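Position 170 of the sequence shown, counting from 1, maps to 174 under my numbering, and the rest follow consecutively.
Even glycine gets a Cβ: it sits at the ideal position worked out from N, Cα and C.
Every value quoted in this text rests on a predicted model; they were computed, and no experiment measured them.
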Amino acid sequence: LLPWIFMALSDAGMATGVAVVALGGAAAIVAVCVLGALRGRTGLSMRLPAGLRNHVLFRLAFDLATVTRVIFRAPVPAGSALVASLAVSALNAAIIYILLIDLGAVLTLFESLLLVPTIMEIAMLPITISGWGVREGLMVAAFSSLGIDGSIALGSSILFGLGGLAFALTGGVLWLMSRPHRSKGSMAGEPAAAPSPAIADNRGR
């Protein structure tokens, strides 16, 4: 998708930033896949120096490699997760597109599909709460390069965040309301515990 993203972005700095993020992400994915493929076969982690092997970054990388190895062994669930991720990304792009159109912006759904997934991926970095601030800045920078007013891009990002917050709060309230019912159901369905041998022996006496 990078060629189409570069065609959509008129700002050279923004295009360079997108390229760096995309290439860095691709390199990280390849590295994790290689670690996942090698660790179980060659014991790669055991061949590294102890100080390097116990470093937090390397432990994180090998944990990710373990997850990748599990994915290699279960391609069907991994494929289902990939399809679900792509569907969520497309849905986010469609929502942002509708918000921008309603606020008076002029763009195509294709342009939204190109830019929004990249914005959402960067906003997932754990540097703010739920991506607030990062997402808004990226939305303004990315869509301004398409000639869209920054205030419109900012407004659409805020509305998107508030909508997600409303859905999350609604789901949390429904979950809290269902907890007593689930607890009662689980207690009613549990069989009575058998007495321990010591108690049974005392009763026999």
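Straight-line Cα distance separating residue 53 from residue 66: 14 Å
Three-way DSSP call (helix, strand, coil) for residue 149 in this model: coil
When burial is assigned at 16 or more other CB atoms within 10 Å of the CB, is residue 143 buried or exposed? With 16 or more neighbouring CB atoms inside 10 Å of its own CB, residue 143 falls in the buried class.
Closest to residue 115 by CA distance: which of 107, 126, 106 and 101 is it? 101
So, for residue 46: in the same chain, excluding its five sequence neighbours on each side, which residues have a beta-carbon less than 8 Å away from its beta-carbon? Residue placement at residue 46 cannot be trusted, given a pLDDT of 49 that sits under 50; the coordinates are not used to answer.
Any non-hydrogen atom of the ligand NAP closer than 8 Å to residue 148 Cβ: The ligand NAP is not among the ligands present in this structure, which contains no ligands whatsoever.
Taking the straight line between their C-alpha atoms, what separation do you get for residue 135 and residue 58? Straight-line Cα distance between these residues: approximately 30 Å.
Go ahead and pull the three-state DSSP assignment for residue 78. If DSSP states are grouped into helix, strand and coil, residue 78 belongs with coil.
Around the Cβ of residue 159, are there at least 16 other Cβ atoms within 10 angstroms (buried) or fewer (exposed)? By the 10 Å Cβ count, residue 159 comes out buried.
Residue range of the unbroken alpha helix (DSSP H) whose run includes residue 121: From DSSP, the alpha helix (DSSP H) with residue 121 extends over 113 to 127.
Comparing C-alpha positions only, which one of 75, 120 and 162 sits nearest to residue 95? Measuring from the Cα of residue 95, the nearest candidate turns out to be 120.
Compute the Euclidean distance between the alpha carbons of residue 92 and residue 34, then round it to the nearest angstrom. Distance between the alpha carbons of residue 92 and residue 34 is about 23 Å.
Just the C-alpha distance for residue 87 and residue 98, rounded to the nearest angstrom, thanks. 16 Å
Figure out for me which residue from 106, 110, 161 and 148 has the closest Cα to the Cα of residue 127. 161
By DSSP, does residue 100 sit in helix, in strand, or in coil? Three-state result, residue 100: helix.
Leaving out the 5 sequence neighbours to the left and right, which residues in its chain are closer than 6 Å to residue 139 when beta-carbon positions are compared? 127 and 161
Please report the straight-line C-alpha distance between residue 224 and residue 110, rounded to a whole angstrom. Outside the displayed span of the chain (5 to 209) sits residue 224, for which this structure offers no information.
Pop quiz: residue 123 and residue 146 are said to be a contact at Cβ under 8 Å. What is the actual Cβ separation, rounded to whole angstroms? 6 Å
Nearest-angstrom beta carbon gap, residue 118 and residue 163 [assumed within contact, 8 Å]: Actually they do not touch by this definition, with Cβ atoms about 20 Å apart.
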